[in-house]
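For reference, each letter of the sequence shown is one residue, going 687 to 1127 in the numbering used here.
The block underneath contains the structure these notes are about, expressed in structure tokens.
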Amino acid sequence: MRCTVFGTGYLGATHAAGMAELGHEVLGVDIDPGKVAKLAGGDIPFYEPGLRKMLSDNLAAGRLHFTTDYDAAAEFADVHFLGVGTPQKKGEYGADLRHVHAVIDTLVPRLRRSAVIVGKSTVPVGTASELAARARGLAADGVDVEIAWNPEFLREGFAVHDTLHPDRLVLGVPPDSVHAEAAIRELYAPLLDEGVPFLLTDLQTAELVKVSANAFLATKISFINAISEVCEAVDADVTLLADALGYDPRIGRRFLNAGLGFGGGCLPKDIRAFMARAGELGANHALTFLREVDSINMRRRTRMVELATKACGSLLGANIAVLGAAFKPESDDVRDSPALNVAGMLQLNGATVNVYDPKAMENSRRLFPTLNYSTSVIEACDRADAVLVLTEWREFVELDPRDLADTVRAKVIVDGRNCLDAGKWADAGWRAYALGRSSTV
Ligand SMILES: NC(=O)c1ccc[n+]([C@@H]2O[C@H](COP(=O)([O-])OP(=O)(O)OC[C@H]3O[C@@H](n4cnc5c(N)ncnc54)[C@H](O)[C@@H]3O)[C@@H](O)[C@H]2O)c1
């Protein structure tokens, strides 16, 4: 089959390459000519394991192309995926839908045949119906435009795997839908043949599934971080506690890692947009708990700065190595990254901060140009008064304390992700601090 994918960022580029990998002819469309040129040349404008290979294989097979040309895209296919960004509005909790609207407003008048537009972006409930009305007003006579919603659950760092082997496929269709289900079943046939669960819903349920999933995950992380605050107060060990909770299959161990909390381009803005939308719908009481989830999460960042202060004595004039800048490992995404946020706060408090991240240096420099950036762990740790691990990259988890001993000024390690073997660091003569434990090991 043929399809287009509008927006070739983290979601769209992966989806376009994934659809081509499933055997379809795909045209990726973006308004950023630099991004399009990179992708067309087999290069990805961000870091995602395995994506470069899937992209170049499918470019070479002639199944995948990229363009900025909406006319070409309208002509190319009758199924159009929509994966543009839906960031938080400036100064408000709600989602900014201007990019989604721009795709509809630019694409629909160009359609010469009836088509299905399948939304994948994360949007406030009600958006798809609103877009359907908008599309009806813009479509040429005789051109029928169906809007369906197929929320995306991929995780950065595992995006290729999640696209080719999703946990489930959810498709929301309007009551009068004619083509969407058949088109999507055909496009995803190899996945359905593998037994991936397929849930057909109305539009509003599909939209809500995605934001509810993110709200649940955010709540689980903030739950363990709230418990971690209590652990710190009584000198209990939150990691052991999480292990013990995790054996209960009703609870599960995943997403119970206490630490610096969540960030990135999805969870924070999605829970805020969910609260804003519930308020508009008159159901604001239903989601007030998410405000607490958000504030527990943001408190982790200040708590980390307090812990660094305790570890150094004073931040003023301290030389601090920050290992990690991406919001999570295996990604170069620094949108609302707790690590970079903490690095910035340390600097505001008078510390000299040297940041190193295996993949996120370029993005970090763009967002926080005033921090110092190092090209290796050793360089970042040079004469450091404390070493902070703020993103749990494997390279940091596996660090040997002996390799840094002669580089640092003081053997002080602060684990913001509860990812280090504290005993190993203590045995090597380091003072080891971690979020969720009141004292040093
Ligand atoms: N990143 C993820 O892991 C992930 C996972 C699930 C869902 N989502 C959702 O997917 C959506 C996209 O997220 P992302 O992380 O890929 O964002 P992104 O910022 O990486 O990519 C968005 C892309 O859309 C392009 N764009 C903007 N306006 C356009 C237009 N009018 N026409 C064509 N292209 C346009 C931008 O240039 C950019 O390349 C968001 O709603 C997000 O919440 C993201």
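Backbone N, C-alpha and C define an ideal beta-carbon position, used for all residues, glycine too.
The closest heavy atom of ligand 1 lies less than 7 Å from the beta carbon of Tyr696. Going by DSSP, Phe752 is part of the beta strand (DSSP E) stretching over Leu750 to Thr753.
Judged by their CB atoms, Thr772 and Ala759 are not nearer to each other than the 8 Å cut-off.
Residue pairing for His766: DSSP places it in a beta bridge opposite Thr690 and Ile803.
A direct Cα-to-Cα measurement between Thr905 and Asp827 gives close to 47 Å. The nearest non-hydrogen atom of ligand 1 is 7 Å or more from the C-beta of Ala868.
Excluding its 5 nearest sequence neighbours in each direction, Val856 has C-beta neighbours in its own chain below 7 Å: Asn836, Pro837, Leu885, Thr887, Ala892 and Val895, listed in chain order.
With respect to Ala1007, Cys1067 sits close: the two C-beta atoms are nearer than 8 Å.
Not one heavy atom of ligand 1 lies closer than 7 Å to the C-beta of Ser908. Uninterrupted beta strand (DSSP E) stretches at least 3 residues long and entirely within the stretch 878–907 occur at 884–888, given in chain order.
Relative to the non-hydrogen atoms of ligand 1, the Cβ of Thr891 never comes closer than 7 Å to any of them. Annotation for Tyr696: the continuous alpha helix (DSSP H) segment containing it runs Tyr696 to Glu707. When Thr995, Ala703, Tyr733 and Thr694 are compared, the shortest CA-CA separation from Leu741 is found for Ala703. In this model, Leu783 and Leu713 are separated by some 23 Å (Cα to Cα). Across the set Glu1084, Ala834 and His851, the C-alpha of Ala834 shows the shortest separation from the C-alpha of Val864. Cβ contact annotation for Gly843 (same chain, cutoff 7 Å, sequence separation greater than five): Pro735, Lys1014, Pro1015, Glu1016 and Ser1017, in chain order. Closest in C-alpha terms to Asn943, from the list Leu1034, Asp1101, Tyr1042 and Leu1085, comes Asp1101. Cβ-Cβ separation between Val1020 and Ala1046: approximately 5 Å, consistent with a contact (criterion under 8 Å). Gly881 is classed as exposed because its beta carbon has fewer than 16 other beta carbons within 10 Å across all chains shown.
Judged by DSSP in its simplified three-state form, Gly858 adopts strand. In summary, Glu872 is exposed, with fewer than 16 beta-carbon neighbours lying within 10 Å of its beta-carbon over all protein chains present. Look at Phe692: its beta carbon is less than 7 Å from one of the heavy atoms in ligand 1. Annotated as proximal: Gly693 and Asp716, with beta-carbon spacing under 8 Å. Here Ala825 has Val794, Leu797 and Val831 as same chain residues with Cβ atoms under 7 Å from its own Cβ, once five neighbours each way along the sequence are excluded. Look at Leu1053 here: in three-state DSSP terms it is helix.
The beta carbon of Thr690 lies closer than 8 Å to those of Val712, Leu713, Gly714, Val715, Ala759, Phe762, Ala763, Val765, His766 and Phe767 in the same chain, with the five residues before and after it left out. The shortest CA-to-CA distance from Arg989 to any of Gly947, Phe975 and Leu1053 is the one to Gly947.
For Ile730, the distance from the CB to the nearest heavy atom of ligand 1 is not below 7 Å. Burial state of Ala972 is exposed, judged by a 10 Å Cβ sphere holding fewer than 16 other Cβ atoms. A straight-line Cα-Cα distance of about 13 Å links Ser807 and Leu889.
Under DSSP, Trp835 shares a beta bridge with Gly805 and Gly858. Short of 6 Å from the beta carbon of Leu817, and not among the five residues preceding or following it, lie these beta carbons of its own chain, in chain order: Ile790 and Ile833. Taking C-beta separations shorter than 6 Å and ignoring five residues to either side along the sequence, the partners of Ala1037 in its chain run Leu1001, Ala1004 and Ile1006, following chain order. Around the beta carbon of Leu967, a 10 Å sphere encloses fewer than 16 other beta carbons of the protein chains shown; the residue is thus reported as exposed. Counting C-beta pairs closer than 8 Å gives fewer than three between the stretch 737–751 and the stretch 910–929, which falls short of the contact rule.
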